[in-house]
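Visitor: A single structure is presented below for examination.
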Amino acid sequence: MLGENFHGLATRSLGALALAAGLIAGSIPLAAAATPASSVAPVAREASVTVASELSIDLPARVRTTANLNLRTGPSTAYSVLLSIPKGTSVPVLGRASSGWYKVSYSGRTGYVSDYYVVAANVRTLDSLNLRTGTSTSYRILITIPKGTTVPAYARASNGWYKVSYDGFTGWVSGTYVTTYPKPPSAPLYSGPNRTSRVVLTFDDCPRTLNEYKAAIDYAASANIGLVLAPTGDCIASYKSRYGVDLPSLARAKGQWVINHSISHPDLRPLSCQQAGAQLSGTGVHTNFGRPPYGAVDGSVRCGYDSRGMAMWIWTRDTEDWDVKSKSITISRASAAVPGDTVLMHMQWYGFSPDSLRQIKANLANRGIGVCRAYRGSDGAGSIVRTSVKLPSSLPC
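This is the structure in structure tokens:
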């Protein structure tokens, strides 16, 4: 079956599937700006912009196929097939239709492919940048986009200005100050940056109490266990509000690693790329790896993670501790891990305790398998070292 039919082809609006992009504002003085907000837009013709049915986007988006993908003469399955793009092929994106389908070139032919399989590239701001009503500094300012803000980019005018949305406004920003956003780190979806044969014990969501959290990370450090924690943004905000503590910071100080797990743990698949990306910011962990809630991934989810420069890290072994609600079963399932496994557990259940960690490590050791070690610097020796906010491409387990 061809890829465009594999997941169905519900038509999506352009807004819902806007390219996730961060725009980089240069050092142009904001005052060099434009006419005041009360000014009337100039009579001069605006730079030409392609019509909505075929937006001109020169961002280096790529198509990733999970099956052979039809290249068609138009942006829906109603159009004839030009050829089939083989599974795993990457092609440049030339434009985008209002249906969300992308215009691409492959093997000397130009046509359209289903947007489900397209992941957009990203760009980022270097400084504050004015969002204007038109495609030059002659147009009035709608709002100023702060430095480093990620916003969706919809189109590009012939003079290089980009049409974007920010804080409820849609307008244009200078393309002079746009550069390519760094790509997410390259890592396998299920095993993340663990390149070793050691088992990584990971814990999602939120601890039941601050004392239990501290007890678990303290023990992990003392037992030379390097955990990967994925708290939600709501969890982090709650503990910060109630106790004045930052859970990620506490864990990093103990040589543990922390990744993103969204703000409120929704299934990201029904969301647009922009909405999915928004769930990865705010009160959530700002880093370069994240775990999609429920391990649920589709094109919009991939786009959301790419828009934040974040790689996804799911798991290879699920203890289903949330379902069994049994300490002994959770320990048994985690202890059955094989070399290189990423084991999923949750901070609010029975695996997240000194005794459970002790038993899991001992059981694995009895089978000749080690767990990821607490971070002690690049040489792995000496005392515990605070981990970085961003994870290395190869986890020092």
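For the sequence shown, counting from 1, position 51 maps to 51 in full-length UniProt numbering; every step adds exactly one. No residue lacks a Cβ here, since even glycine has one placed at the ideal position from N, Cα and C.
Around the C-beta of K325, are 16 or more other C-beta atoms found within 10 angstroms, so that it is buried, or is it exposed?
Guide: K325 should be labelled exposed.
Visitor: Going along the chain, which residues of its own chain have a beta-carbon closer than 6 Å to the beta-carbon of L395, five neighbours each way excluded?
Guide: Excluding sequence neighbours, L395 sits near P193 and N194.
Visitor: Using the DSSP secondary-structure output, state which residues sit across from P146 in a beta bridge.
Guide: For P146, which the question treats as bridged, DSSP gives no partner whatsoever.
Visitor: Identify the continuous beta strand (DSSP E) that holds G244 and give its terminal residues.
Guide: Taken as a continuous stretch (DSSP letters only), G244 belongs to no beta strand (DSSP E), as it is neither H nor E.
Visitor: Please classify A120 as buried or exposed, where buried requires at least 16 other C-beta atoms within 10 Å of its C-beta.
Guide: No answer about A120 holds up, because its pLDDT of 48 lies below 50 and its placement is not dependable.
Visitor: I'd like to check one pair, P248 with D204: are the Cβ atoms closer than 9 Å?
Guide: No, they are not a contact pair.
Visitor: CA-CA distance, F352 and S80?
Guide: The straight-line gap from Cα to Cα measures roughly 55 Å.
Visitor: Buried or exposed: P86, going by 16 or more other Cβ atoms within 10 Å of its Cβ?
Guide: The residue in question, P86, is exposed, as its Cβ has fewer than 16 Cβ neighbours within 10 Å.
Visitor: Quick one: is T196 near chain C, going by C-beta distance under 9 Å?
Guide: Absent from the structure is chain C; it holds one protein chain and no more.
Visitor: Pull up the distance between the alpha-carbon of N270 and that of S383, whole angstroms please.
Guide: Looking at the sequence itself, residue 270 is Pro, so the reference to Asn does not match. Whole-angstrom Cα-Cα distance: 45 Å.
Visitor: Can you name the residues that DSSP bridges to V81?
Guide: Partner(s): R72.
Visitor: Should the stretch 291–300 be regarded as contacting the stretch 319–338, the criterion being three or more beta carbon pairs within less than 8 Å?
Guide: At 8 Å Cβ cutoff, the stretches do not touch.
Visitor: Please report the straight-line C-alpha distance between L357 and Y350, rounded to a whole angstrom.
Guide: Approximately 10 Å between the Cα atoms of the pair.
Visitor: I'd like the ranges of any beta strand (DSSP E) spanning at least 3 consecutive residues and lying wholly in the stretch 193–256.
Guide: The qualifying runs are 200–205 and 228–231.
Visitor: Are three or more beta carbon pairs between the stretch 325–345 and the stretch 195–214 nearer than 8 Å?
Guide: In short, these stretches touch, since the Cβ pair count reaches three.
Visitor: Residues in its own chain within less than 6 Å of A237 by CB, not counting five upstream and five downstream?
Guide: These residues qualify, in order along the chain: T283.
Visitor: Who are the Cβ neighbours of S335 in its own chain at under 7 Å, not counting the five residues just before and after it?
Guide: Counting only Cβ-Cβ distances below 7 Å, and skipping sequence neighbours, we find I360, N363 and L364.
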